[in-house]
Amino acid sequence: MKMGKIKSRIACLLIVCCAIIEAAAAAVFTVGDSSGWALGADYRTWATDKTFSVGDTLAFNYPPGHTVDEVSANDYKTCTTGNAIASDSSGATSVLLKTAGPHYYICGVPGHCGGGMKLSINVVAAAAGGGGGGAGGGTTTTAAPAPPSSVPTLAPPTGLAVPAGGTFTDPYSSSARLSPAAAVFCFYVFAILLYFA
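As numbered in mature numbering (1 follows the signal peptide of the UniProt record, and there is no 0), residues -26 to -1, 1 to 171 make up the sequence shown, in order.
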């Protein structure tokens, strides 16, 4: 085999490994963990130990009778419904965090936001190496800065469903992370290819 073909294959493999690592590094946060999106959960406490990054996903899981509404800072503070930037009531709402800055979510059912079904987060720009957030020194935003300039996509995630009994079993962890073993594996594959080239 010619040296040029080997180098091309190695370069392609390296690009594929980097793409896999970057895609796997984004986190999926199940809002409220096992409690899901429901009355009685403390979302401020839930969000305090998390860092949300552009590219991460919020997974809201809830039984019928609730909604996930993205709202402005003012509507969040006053629990005003009816002015949602985006809304979903599917029972399994997935929100891809596309922009850095504050993001505000409430349940649009009257009385639910006032009962605690509201979430305020601050999304940071993704790190230079790509990748999402994860556990860390994240904080919730309580000030009233301008709402995000673009609307995140609200769509049911694949593989997430609320059974008829209303109990949700999440097949994903609260913050899915790339395993160090996957990064080491890619490194060794690349090293072996270089060795035999």
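Cβ atoms here follow ideal geometry from the backbone N, Cα and C, with glycine treated the same way.
Asked	Found
Sequence-distant residues of the same chain with beta carbon closer than 7 Å to Leu13, five excluded per side	His86, Gly89, Gly90, Met91
Nearest-angstrom Cβ-Cβ length linking Thr4 and Ala33, presumed shorter than 8 Å	5 Å
Ile166 in three-state terms, based on DSSP	helix
Boundaries (first-last residue) of the beta strand (DSSP E) holding residue 172	Lying before the first or after the last residue shown, residue 172 is absent from the chain, which here runs from -26 to 171.
Contact the stretch 21 to 36 vs the stretch 56 to 76: 3+ CB pairs below 8 Å	yes
Residues near Leu93 by beta carbon distance below 7 Å, same chain, minus five either side	Val5, Tyr17, Ala21, Tyr79
Leu71 beta carbon less than 8 Å from that of Phe26	yes
Residues that Gly75 bridges to, as DSSP identifies them	Val97
Same chain, Cβ closer than 8 Å to Gly56, neighbours up to 5 away in sequence not counted	Gly82
Of the residues Val163, Ser68, Tyr169, the one placed nearest Asp30, counting alpha carbons only	Ser68
Classification of Pro38 by the beta-carbon crowding that lies within 10 angstroms, buried from 16 upward	exposed
Counted within 10 angstroms of its Cβ, other Cβ atoms place Pro76 as buried (16 or more) or exposed	buried
Thr25 in three-state terms, based on DSSP	strand
Proximity winner among Val98, Val42, Ala1, relative to Gly10 (alpha-carbon distances)	Val42
Per-residue burial, Ala47 [other beta carbons within 10 Å of its own, 16 or more giving buried]	buried
C-alpha gap between Lys51 and Val45, whole angstroms	10 Å
Contact set for Thr54: own chain, Cβ-Cβ below 8 Å, skip 5 residues either direction	Val45, Asn48
Buried/exposed call for Ala99, threshold 16 Cβ in 10 Å	exposed
Backbone secondary structure at Ala47 - three-state DSSP	helix
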